[in-house]
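1 is the number of the first residue of the sequence shown in UniProt numbering; add one for each residue after it.
Ideal Cβ positions, reconstructed from N, Cα and C, are used throughout, including at glycine.
Right, one structure below, let's go through it.
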Amino acid sequence: MNQAPTLPQESALRIDKQRVADTFGKAARTYDAAATLQQRVAARARLGLPELGDHAAILDMGCGTGKETIALRNRYPDADITGLDLSDGMLAYARDRKELDGCHWIVGDIEELPFEPEDFDLVFSSLAIQWCESLSEVLAQVYRVLKPGGWFVFSTLAEGSLYELEKAWQAVDSKPHVNSYEAFECQKRRVATSEFQTCSLRQQTETLYYPSVMHLLREMKSLGANTVVGSEVSGLSGRRTLKSLSEGYASFSSERGLPASYQVIYGVLRKSAS
Ligand SMILES: C[S@@+](CC[C@H](N)C(=O)[O-])C[C@H]1O[C@@H](n2cnc3c(N)ncnc32)[C@H](O)[C@@H]1O
């Protein structure tokens, strides 16, 4: 009889969440203008949104500046919407948006959701849960706060994201400069072993192109996405390092510029109705 291989332990790396929150907070004012990938991914994730009844309760988990929360509000105009984020800097920005008057804002951690069981009809989360230590814990937390029949619609990253940048850094030194993520197959098995029913779960490559490595690194800084978990390194470097990095990246160069590819997972999960 074929036995399913055991799931590997989740990363032993502890995430310095205060550092993640501070870095995103500092980027709150520059985030939206730099968030090309994030907006493209959120738009695709929204394709999985379900029909909901009147006055549904919705949580946008890792809502950042609230730009994507606006899209939720437009889609469900009479819903009661809560935005949660680790970064009070990001939330302060979201709270100031006129389009989001009447939403609730909570500083909190996705891995310790500060809500009662069965509070929400829908939990949405785009490109935030890759900053968590344990996908299994995220799934357990979301399951707990969903009502029976509730939905979890999300996007996150998988292994292979920013592999060109990772390879280019290997030409410079052997320190970690790029965050690593679990392979799609592994994340899929974590979902399969959760209590959720899977409606859809797929991976898609998203590639952006840049005129130079400096443009890519600057954009990551503007997004606040430059924390490298488990490393002091956080992005921009000296001129000599940048020259070696550019040389390392040059082998990926194409007519459109330097590619930065992301392996994005899109999921729609449901808590059973009974
Ligand atoms: C790349 S931004 C995405 C923001 C928004 N969802 C969007 O699509 O534009 C990631 C956000 O997740 C937040 N975040 C990271 N780890 C978190 C955690 N453990 N709990 C709550 N929010 C977290 C960050 O502070 C940041 O605002």
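- Where Gly267 is concerned, the enclosing beta strand (DSSP E) starts and stops at Leu258 to Arg270.
- Each of Leu269, Asp60 and Thr6 was checked against the Cα of Leu139, and the nearest Cα belongs to Leu269.
- Counted as a single uninterrupted DSSP element, the beta strand (DSSP E) harbouring Lys147 occupies residues Leu146 to Ala158.
- In the pairwise beta carbon analysis, the segment 86-101 is classified as touching the segment 63-77: at least three pairs are separated by under 8 Å.
- Bridge partners of Val228 according to DSSP: none are assigned.
- The segment 252-259 and the segment 203-211 touch, with three or more beta-carbon pairs separated by less than 8 Å.
- Secondary structure at Tyr209: strand, using DSSP grouped into helix, strand and coil.
- About 5 Å separates the Cβ atoms of Leu122 and Ile58, confirming a contact at the 8 Å cut-off.
- Per DSSP, the continuous beta strand (DSSP E) segment holding Thr82 begins and ends at Asp80 to Asp85.
- Remark: C-beta atoms of Ile15 and Glu133 approach each other more closely than 9 Å.
- For Ile129, there is no enclosing alpha helix (DSSP H), as DSSP marks it with neither H nor E.
- Residues Ala34 of the same chain have their beta carbon placed closer than 7 Å to that of Glu219, with the five preceding and five following residues left out of the count.
- Around the Cβ of Lys271, a 10 Å sphere holds 16 or more other Cβ atoms; the residue is buried.
- Listed in chain order, the beta strand (DSSP E) elements of length 3 or more contained wholly in the segment 10-61 are 57-61.
- With contacts defined as CB atoms closer than 9 Å, Asn179 and Leu162 qualify as a contacting pair.
- The closest heavy atom of ligand 1 lies less than 8 Å from the beta carbon of Ala42.
- When DSSP states are grouped into helix, strand and coil, Arg97 belongs to the coil group.
- By alpha-carbon distance to Pro117, the top candidate from Glu159, Ile110, Gln130 and Tyr143 is Tyr143.
- Contact between the segment 161-176 and the segment 239-249 is present, with at least three C-beta pairs closer than 8 Å.
- Under a 10 Å Cβ-count criterion, Asp85 is classified as buried, with 16 or more other Cβ atoms of the shown protein chains found around its own Cβ.
- Between ligand 1 and Phe152, a heavy atom-to-CB distance of less than 8 Å is absent.
- Beta-bridge annotation (DSSP): Ile110 is not paired with any residue.
- For the pair Lys26 and Ala225, the Cα-to-Cα distance works out to about 11 Å.
- Between Arg239 and Val213, the alpha-carbon positions lie close to 12 Å from each other.
- Membership of Glu118 in any alpha helix (DSSP H) is not indicated, and neither H nor E is assigned to it by DSSP.
- Asp119 is the residue among Phe124, Asp119 and Ala45 whose C-alpha sits nearest the C-alpha of Val145.
- At the C-beta level, Gly83 and His55 stay beyond 9 Å of one another.
- Assignment of Thr241 by DSSP, reduced to helix, strand and coil, places it in the helix class.
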